[in-house]
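S.K.: Going by my numbering, the residue at position 328 of the sequence shown is 318; the numbering climbs one at a time, nothing skipped. Backbone N, C-alpha and C define an ideal beta-carbon position, used for all residues, glycine too. Here it is, the structure, as structure tokens.
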Amino acid sequence: MRPSVPNRRDNTPTPQTQKKKTSSWRRQGAALLASLGLLSPMAAVPANANAMRQDPVATDPLIRTRADNCQNLGTAIAPPAPLKASFDRVSEGFARLEALPITGAPIVATLKNPVHRFQACLDPALPGNGILAAYSPDQNRLFLPQREFNFVSAVHEAYHAYQDAAGGLDDSGLYPRDTMISHLLTEAAAASYTLMVMRELAFYSDADATAYQAYIADRRNNFGMGLTFDAAFNTAYARDAALPEDQRRRRALEAGGQAAVSGLMAGAGENWRRGYAPRAVTASRAGTPEVNTTSRRYRQLRAEIYQRTGRVGNDIQIIPAQFYGANADANAQAALMILGIEAYDVPAAPPVPRGPHR
-9 MRPSVPNRRD
1 NTPTPQTQKK
11 KTSSWRRQGA
21 ALLASLGLLS
31 PMAAVPANAN
41 AMRQDPVATD
51 PLIRTRADNC
61 QNLGTAIAPP
71 APLKASFDRV
81 SEGFARLEAL
91 PITGAPIVAT
101 LKNPVHRFQA
111 CLDPALPGNG
121 ILAAYSPDQN
131 RLFLPQREFN
141 FVSAVHEAYH
151 AYQDAAGGLD
161 DSGLYPRDTM
171 ISHLLTEAAA
181 ASYTLMVMRE
191 LAFYSDADAT
201 AYQAYIADRR
211 NNFGMGLTFD
221 AAFNTAYARD
231 AALPEDQRRR
241 RALEAGGQAA
251 VSGLMAGAGE
261 NWRRGYAPRA
271 VTASRAGTPE
281 VNTTSRRYRQ
291 LRAEIYQRTG
301 RVGNDIQIIP
311 AQFYGANADA
321 NAQAALMILG
331 IEAYDVPAAP
341 PVPRGPHR
């Protein structure tokens, strides 16, 4: 089945007025979180929501977020008094992200665009099972704890929302092996993006610079890719000393992000290799086997999906070209082998139909 998202050749995010279908691994992931009570399994507030609000005992096990628990970014609508402090923390966190001209401003601007119908929602069930934030593509909602706000977790999941707005999560039309790679690149890019945000923050205050050093030194963060990111960033930043400062920072952040993605796809990071990667791919084996992977149209579609997955604004790409360039098939197969994942072989091009006997 081909994806419902058109094959776009520009950088315009996919309009969300008609919500596109999400690949099955995304739906399964949302269903899993819902089954654990970590997010609402409902795509919209039911018609009888007002009546249900009067009975919190009956409501809370079924509907984790109500209409007044969700807000659009930048909304001028005052939240209910009991939720004001919680929404203030959310607003302050996104304002902090938006103040970053390279990594933050383009993401927040996209999520504020009403066409995407993005909402931040307070979920009283969080944190739970170590989850401090969760994005639901089917609902366009970022679920955050009502009692606290974790900036790093919110940034990571907000980037998933940005990927969704760009069309990077709609990989259902890819061949199963490429759907696996798409899943892995989606998470690797979000982990790398979080490092980019933390590094850009470090330019603006000593406190953030100190926090960044502690963050990258802790190998529990971002699958242990902090030092890999930092080394690539420093190399690029030193190399481009002659460039204007803004361009120099952009290129260094991109280099660090790509290095972190490459490291993860090459099997670095024990938590990634032994924990996340096999579990994630198990849920992503629902692609479209009946596609001609050798066709120019298919390869272009795959490249566009991967690039949407790693875009930051209009001039930064986190996904290395090795995964959508001329050797993409070989590099994908090698990555899955390194990660110890059973990979699908690439099918041959369909045979040329025989003509009439002459």
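How big is the Cα-Cα spacing for Pro127 and Glu177?
M.R.: Here residue 127 corresponds to residue number 137 of the sequence shown, with the count starting at 1. Here residue 177 corresponds to residue number 187 of the sequence shown, with the count starting at 1. Taken atom to atom, the span from the alpha-carbon of Pro127 to that of Glu177 is near 14 Å.
S.K.: Whole angstroms are fine: how far does the CA of Pro114 sit from the CA of Pro46?
M.R.: Translated into positions along the sequence shown, residue 46 becomes position 56. Translated into positions along the sequence shown, residue 114 becomes position 124. Any reading at Pro46 needs caution, since the residue's pLDDT is 34, under 50, leaving its predicted position unreliable; the model's value is listed next. Looking at the two C-alpha atoms, the distance is approximately 12 Å.
S.K.: Does the Cβ of Gly315 have 16 or more other Cβ atoms within 10 Å, making it buried, or fewer, making it exposed?
M.R.: On the sequence shown, position 325 is the one that residue 315 refers to. Answer is exposed; the Cβ neighbour count stays below 16.
S.K.: I'd like the list of long-range same chain contacts for Leu175, defined as Cβ closer than 8 Å, with 5 residues on each side in sequence excluded.
M.R.: Taking the sequence shown and counting its residues from 1, one reaches residue 175 at position 185. Counting only Cβ-Cβ distances below 8 Å, and skipping sequence neighbours, we find Val251, Met255, Tyr296, Thr299, Gly300, Ile309, Phe313.
S.K.: For Arg131, name the three-state secondary structure that DSSP assigns.
M.R.: The count along the sequence shown starts at 1 and reaches residue 131 at position 141. Three-state result, Arg131: strand.
S.K.: On the three-pair Cβ rule with 8 Å, is the stretch 141 to 151 touching the stretch 93 to 110?
M.R.: With a cut-off of 8 Å, the stretch 93 to 110 and the stretch 141 to 151 count as touching, because enough Cβ pairs lie within range.
S.K.: How long is the line joining the alpha carbons of Arg137 and Arg86, rounded to whole angstroms?
M.R.: As a position in the sequence shown, residue 137 is number 147, starting the count at 1. As a position in the sequence shown, residue 86 is number 96, starting the count at 1. Taking the straight line joining both Cα atoms gives about 19 Å.
S.K.: Does the structure place the stretch 281 to 296 close enough to the stretch 216 to 227 that three or more beta carbon pairs sit under 8 Å?
M.R.: No, the stretch 216 to 227 is not in contact with the stretch 281 to 296.
S.K.: Buried or exposed: which applies to Ser143, given that a residue is buried once 16 or more other Cβ atoms fall within 10 Å of its Cβ?
M.R.: On the sequence shown, position 153 is the one that residue 143 refers to. So Ser143 counts as buried.
S.K.: Mind checking whether Arg229 and Ile92 have CB atoms under 9 Å apart?
M.R.: Indexing the sequence shown from 1 puts residue 229 at position 239. Indexing the sequence shown from 1 puts residue 92 at position 102. In this structure, Ile92 does not lie closer than 9 Å to Arg229 by Cβ.
S.K.: Return the chain-ordered list of same chain residues with a C-beta closer than 7 Å to the C-beta of Ala322, the five sequence neighbours on each side being excluded.
M.R.: The residue given as residue 322 occupies position 332 in the sequence shown. Within the same chain, Ala322 has close Cβ partners Arg167, Asp168, Ile171, Phe313.
S.K.: Based on the DSSP output, what are the partners of Asp113 in its beta bridges?
M.R.: As a first step, residue 113 is located in the sequence shown; it is residue number 123 there, counting from the start. Answer is Pro135, bridged to Asp113.
S.K.: Which of the three DSSP states is assigned to Ile171 in this structure?
M.R.: Position 181 of the sequence shown, counted from the first residue, corresponds to residue 171. Ile171 falls in the helix class under three-state DSSP.
S.K.: In chain order, what residues of the same chain lie with their CB nearer than 7 Å to the CB of Leu63, ignoring the 5 residues before and after it?
M.R.: Along the sequence shown, read from residue 1 onward, the residue named residue 63 stands at position 73. Phe84, Val98, Leu101, Lys102, Phe108, Ala110, listed in sequence order.
S.K.: What does the alpha-carbon distance come out to for the pair Met327 and Asp198?
M.R.: If you number the sequence shown from 1, residue 327 lands on position 337. If you number the sequence shown from 1, residue 198 lands on position 208. Cα to Cα, Met327 sits roughly 38 Å from Asp198.
S.K.: For the alpha helix (DSSP H) holding Tyr288, just list the boundary residues, first then last.
M.R.: In the sequence shown, counting from the first residue as 1, residue 288 sits at position 298. Segment 286 to 299, the alpha helix (DSSP H) holding Tyr288.
S.K.: For Ser126, report the span of its beta strand (DSSP E) as first-last.
M.R.: Position 136 of the sequence shown, counted from the start, is the residue given in the question as residue 126. 124 to 126 is the extent of the beta strand (DSSP E) around Ser126.
S.K.: Leaving out the 5 sequence neighbours to the left and right, which residues in its chain are closer than 8 Å to Ile67 when beta-carbon positions are compared?
M.R.: The sequence position of residue 67 within the sequence shown is 77, counting from 1. Gln61, listed in sequence order.
S.K.: Would you decide whether Pro69 is buried or exposed? Buried here means 16 or more other CB atoms lie within 10 Å of its CB.
M.R.: Here residue 69 refers to the residue found at position 79 when the sequence shown is read from its first residue. The residue in question, Pro69, is buried, as its Cβ has 16 or more Cβ neighbours within 10 Å.
S.K.: Locate the alpha helix (DSSP H) running through Asn103, then write down its first and last residues.
M.R.: Position 113 of the sequence shown holds residue 103. Careful: Asn103 lies outside any alpha helix (DSSP H) and carries neither H nor E.
S.K.: To the nearest angstrom, how far is the alpha carbon of Arg79 from that of Leu112?
M.R.: The residue given as residue 79 occupies position 89 in the sequence shown. The residue given as residue 112 occupies position 122 in the sequence shown. Straight-line Cα distance between these residues: approximately 11 Å.
S.K.: Compute the Euclidean distance between the alpha carbons of Gly330 and Ala324, then round it to the nearest angstrom.
M.R.: As a position in the sequence shown, residue 330 is number 340, starting the count at 1. As a position in the sequence shown, residue 324 is number 334, starting the count at 1. In this structure, the straight-line span from the alpha carbon of Gly330 to that of Ala324 is close to 10 Å.
S.K.: Rounded to whole angstroms, what is the Cα-Cα separation between Ala34 and Asn130?
M.R.: In the sequence shown, counting from the first residue as 1, residue 34 sits at position 44. In the sequence shown, counting from the first residue as 1, residue 130 sits at position 140. At Ala34 the pLDDT is 31, less than 50, meaning the model places this residue with poor confidence; the figure from the coordinates comes in the next sentence. CA-CA distance, Ala34 to Asn130, rounds to 10 Å.
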